[in-house]
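By the numbering used here, the letter at position 295 of the sequence shown is numbered 299, and the numbering carries on one by one without gaps. Down below is the structure, laid out as structure tokens.
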Amino acid sequence: MQAVTAAAAAGQLLTDTRRGPRCRARLGTTRLSWTGRFAVEAFAGQCQSSATTVMHKFSAISQAARPRRNTKRQCSDDYPALQAGCSEVNWDQNGSNANRLEEIRGDVLKKLRSFYEFCRPHTIFGTIIGITSVSLLPMKSIDDFTVTVLRGYLEALTAALCMNIYVVGLNQLYDIQIDKPGLPLASGEFSVATGVFLVLAFLIMSFSIGIRSGSAPLMCALIVSFLLGSAYSIEAPFLRWKRHALLAASCILFVRAILVQLAFFAHMQQHVLKRPLAATKSLVFATLFMCCFSAVIALFKDIPDVDGDRDFGIQSLSVRLGPQRVYQLCISILLTAYGAATLVGASSTNLFQKIITVSGHGLLALTLWQRAQHFEVENQARVTSFYMFIWKLFYAEYFLIPFVQ
Numbered sequence: 005m006q007a008v009t010a011a012a013a014a015g016q017l018l019t020d021t022r023r024g025p026r027c028r029a030r031l032g033t034t035r036l037s038w039t040g041r042f043a044v045e046a047f048a049g050q051c052q053s054s055a056t057t058v059m060h061k062f063s064a065i066s067q068a069a070r071p072r073r074n075t076k077r078q079c080s081d082d083y084p085a086l087q088a089g090c091s092e093v094n095w096d097q098n099g100s101n102a103n104r105l106e107e108i109r110g111d112v113l114k115k116l117r118s119f120y121e122f123c124r125p126h127t128i129f130g131t132i133i134g135i136t137s138v139s140l141l142p143m144k145s146i147d148d149f150t151v152t153v154l155r156g157y158l159e160a161l162t163a164a165l166c167m168n169i170y171v172v173g174l175n176q177l178y179d180i181q182i183d184k185p186g187l188p189l190a191s192g193e194f195s196v197a198t199g200v201f202l203v204l205a206f207l208i209m210s211f212s213i214g215i216r217s218g219s220a221p222l223m224c225a226l227i228v229s230f231l232l233g234s235a236y237s238i239e240a241p242f243l244r245w246k247r248h249a250l251l252a253a254s255c256i257l258f259v260r261a262i263l264v265q266l267a268f269f270a271h272m273q274q275h276v277l278k279r280p281l282a283a284t285k286s287l288v289f290a291t292l293f294m295c296c297f298s299a300v301i302a303l304f305k306d307i308p309d310v311d312g313d314r315d316f317g318i319q320s321l322s323v324r325l326g327p328q329r330v331y332q333l334c335i336s337i338l339l340t341a342y343g344a345a346t347l348v349g350a351s352s353t354n355l356f357q358k359i360i361t362v363s364g365h366g367l368l369a370l371t372l373w374q375r376a377q378h379f380e381v382e383n384q385a386r387v388t389s390f391y392m393f394i395w396k397l398f399y400a401e402y403f404l405i406p407f408v409q
């Protein structure tokens, strides 16, 4: 670096000698002789030679260092590609994880939908609405709605729902070959082992809740439901009552019309509210009306399954009499029940309750009559739709029962 500096200074001096007085003023002399000029030029040449040598050495060092620098530059040039590759791998992994999560979510939703169908939701809704309506009958004032009453109601409802799932699940286990393919066991969505596990699990939960509650009426309801539900479905000597029209209708009628009304009313009245058990007008009405409704449900439920029942030797009333006659009998029973309910509502001393019960039952009867005009026994879709409509009428009746006083 010193040589380079010296060469630069000498070159500057040579330039300044040609510029006259400025150079002489800088050198501190008034005039340069030829000898001095030659000396300066010789000094400048030496400086330039030293500078050239230094530059050659610096160039050699730079060339030696250039591969490393090029390598570094090449790495730097390759780094965006590496980054792009890593980004692509990360994107692929994220996309794969997202797809996997979506598949898991789809599988979970599919299983939940199958479980929903396995529980036979129309029976679940009927149990919820029926027990809720009957549990309201012992209530005399707003003061009866306490935390203790709520807990007693939830115990009874949960135990009943678990037993309901046991009964309908057991029926599906023994009806895999004749059930509609939309049900999870018949379609293969649930294996037989899964069905057995669910049935046993809900049976154990039902009895566990009943025993924990300490309610004799509730335990009585659970035991009777278990026995009748098992006798209705299990293929064994003296069982499989669903093969016989009278026994099948009797099972459904006794559970839905008598057991639900009396047992859960007694549970709330005697066990939860600690009051003496006494029948009321609304309880008697609910029991008698639901006897008619449960008989209709028991008869009508065999109409969509008439072909399968006939093939497997199940002598339901629809197989014996024919679906058209059974349908007409069901409509006649329901219209008669609605007429009787309208008369009971008209006898009420409370004007508000009279208006609700009379207009409510009249509206339901009119809706039933209009819907019955468009019924076709040969149309399987309409038969199934009408059967679900009867369940909706069943739900609606439980909203009217508390107003019968």
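Note that CB positions come from ideal geometry on N, CA and C, so glycine has one too. Bear in mind that the values here come from a model prediction, so they are computed numbers and not experimental data.
Cβ shell of residue i (< 8 Å), same chain only, five flanking positions each side left out
| i | result |
| --- | --- |
| Ile213 | Glu159, Thr162, Ala163 and Cys166 |
| Arg324 | Ala249 |
| Leu339 | Ala369, Leu372 and Trp373 |
| Leu207 | Cys166, Met167, Tyr170 and Phe230 |
Among the options, nearest to residue i - alpha-carbon criterion
| i | options | result |
| --- | --- | --- |
| Leu251 | Leu372, Leu338, Gln357 and Leu321 | Leu321 |
| Thr136 | Gln265, Tyr236 and Gln332 | Gln265 |
| Ile337 | Gly349, Val362, Phe297 and Ala240 | Phe297 |
| Leu222 | Asn175, Ser389 and Ala270 | Ala270 |
| Val203 | Ile215, Asn354 and Gly233 | Gly233 |
| Val172 | Gly218, Gly192, Pro125 and Glu239 | Pro125 |
| Asn133 | Ile215, Met294, Gly349 and Ala197 | Correcting the residue identity first, residue 133 is Ile in this sequence and not Asn. If we check each option's Cα against that of Ile133, Met294 comes out closest. |
| Ala235 | Tyr399, Leu174 and His365 | Leu174 |
| Asn168 | Leu333, Leu154, Val196 and Phe211 | Phe211 |
| Leu292 | Arg109, Arg104 and Glu401 | Glu401 |
| Ile227 | Ala299, Leu154 and Leu263 | Leu263 |
| Leu347 | Ile301, Gln409 and Leu303 | Gln409 |
Euclidean distance between Cα positions of residue i and residue j
| i | j | result |
| --- | --- | --- |
| Tyr120 | Gly130 | 15 Å |
| Ala290 | Leu370 | 21 Å |
| Pro188 | Pro142 | 39 Å |
| Leu367 | Arg386 | 22 Å |
| Ile238 | Phe403 | 34 Å |
| Ser229 | Gln176 | 16 Å |
| Ala376 | Glu193 | 35 Å |
| Gln274 | Ala282 | 9 Å |
| Arg117 | Ile394 | 23 Å |
| Val276 | Phe122 | 32 Å |
| Pro185 | Ser191 | 5 Å |
| Ser219 | Ala102 | 50 Å |
| Ser145 | Lys278 | 15 Å |
| Ile215 | Cys224 | 11 Å |
| Leu397 | Lys114 | 30 Å |
| Thr353 | Met272 | 26 Å |
| Ser139 | Tyr157 | 7 Å |
| Ser286 | Ile405 | 6 Å |
| Thr151 | Pro280 | One detail in the question is off: residue 151 reads as Val in this sequence, not Thr. Taking the straight line from one Cα to the other gives about 20 Å. |
| Val259 | Glu106 | 43 Å |
| Ala261 | Tyr331 | 20 Å |
| Ala413 | Ser351 | The first residue shown for the chain is 5 and the last is 409, placing residue 413 beyond what the model contains. |
| Ala197 | Phe242 | 26 Å |
| Ala341 | Gly110 | 46 Å |
| Lys305 | Thr127 | 12 Å |
| Arg314 | Arg247 | 10 Å |
| Ala299 | Leu333 | 10 Å |
| Tyr399 | Leu231 | 25 Å |
| Leu154 | Thr284 | 22 Å |
| Ala267 | Leu355 | 30 Å |
N- and C-terminal bounds of the alpha helix (DSSP H) containing residue i
| i | result |
| --- | --- |
| Pro308 | Run containing Pro308: none; DSSP gives neither H nor E here. |
| Lys358 | Leu355 to Ala376 |
| Asn383 | Looking at the DSSP string, Asn383 is not in any alpha helix (DSSP H), and its letter there is neither H nor E. |
| Glu193 | Looking at the DSSP string, Glu193 is not in any alpha helix (DSSP H), and its letter there is neither H nor E. |
| Ile135 | Pro125 to Leu140 |
| Val171 | Val151 to Tyr178 |
Same chain only: Cβ atoms within 6 Å of residue i, ignoring 5 sequence neighbours per side
| i | result |
| --- | --- |
| Asp148 | none |
| Phe390 | Phe379 |
| Phe42 | Any answer about Phe42 is weak, because its pLDDT of 46 lies below 50 and its placement is not dependable; what the coordinates show is given next. Nothing listed; no residue qualifies. |
| Phe209 | A quick correction: the sequence has Met, not Phe, at residue 209. Excluding positions up to five away in sequence, the list reads Cys166. |
| Ile335 | Ala376 |
| Ser416 | In this structure the chain extends from 5 to 409, so residue 416 is not present and cannot be described. |
Own chain, CB closer than 7 Å to residue i, minus 5 neighbours either side, in chain order
| i | result |
| --- | --- |
| Phe407 | Gln357, Ile360 and Thr361 |
| Gln181 | none |
| Ala308 | Note that residue 308 is Pro in the sequence shown, not Ala. These residues qualify, in order along the chain: Gln384, Val387, Thr388 and Tyr391. |
| Pro327 | Ile307, Val310 and Val381 |
| Gly473 | In the structure as shown, the chain begins at 5 and stops at 409. Residue 473 is therefore absent and cannot be evaluated. |
| Trp245 | Ala235, Tyr236, Leu251, Ala252 and Cys255 |
| Gly349 | Lys358, Thr361, Val362, His365 and Val408 |
Beta carbon proximity, residue i to chain B, threshold 7 Å
| i | result |
| --- | --- |
| Glu380 | Of the protein chains in this structure there is only one, and it is not chain B. |
Every unbroken alpha helix (DSSP H) within the stretch 245–326, with a cutoff of 4 residues, ordered by chain: 249–257, 264–270, 285–304, 310–315 and 321–325
Ranges of the alpha helix (DSSP H) found wholly within the stretch 207–239, counting only runs of at least 4: 220–237
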